[in-house]
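Heads up, the thing below is written out as structure tokens.
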Amino acid sequence: EIKHQGMYENTIIIVHSDNGGALAWAEDSKLGGASSNYPLRGGKFGLYEGGVRVRGFVHSDLLPESQRNSTWDGLMHISDILDTIVGAATAGGVTITEGRRRR
């Protein structure tokens, strides 16, 4: 739909997860849980990889060719994304005002 509206060329799509799947707080871990983060240990609210290591991706025609089809193996937190989004949205003199952009 965004291609038909002529907005695709100026769109950045960001998809990410939040802190792994939730696990049941059973005393016997053999009972399983509400989700599985296998092969990672732990889950939501935990500091093991199953609680903090999740997948995500960024897609945009605005990405430089050198960054397309690349991977990031470092750490990232949702709070790191805000400055990146605002910087991208305000590039070229565009300002964000009450959910709308103005030139």
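Sequential numbering from 1 applies to the sequence shown in our numbering.
By construction, the Cβ of each residue, glycine as well, lies at the ideal position given by its N, Cα and C atoms.
With 16 or more other Cβ atoms inside 10 Å of its own Cβ, G43 counts as buried. Of V54, R68 and S60, the smallest CA-CA separation from T11 is found for S60.
With contacts defined as CB atoms closer than 8 Å, S35 and A22 qualify as a contacting pair. Taking C-beta atoms as the reference points, V15 and G74 fail to come closer than 8 Å.
Membership of I13 in the beta strand (DSSP E) is indicated by the continuous run I13 to H16.
Listed in chain order, the non-local C-beta contacts of R53 below 8 Å within the same chain comprise G20 and L40, local neighbours out to five positions each way being set aside. Take the alpha-carbon of S70 and the one of L63: they are about 11 Å apart.
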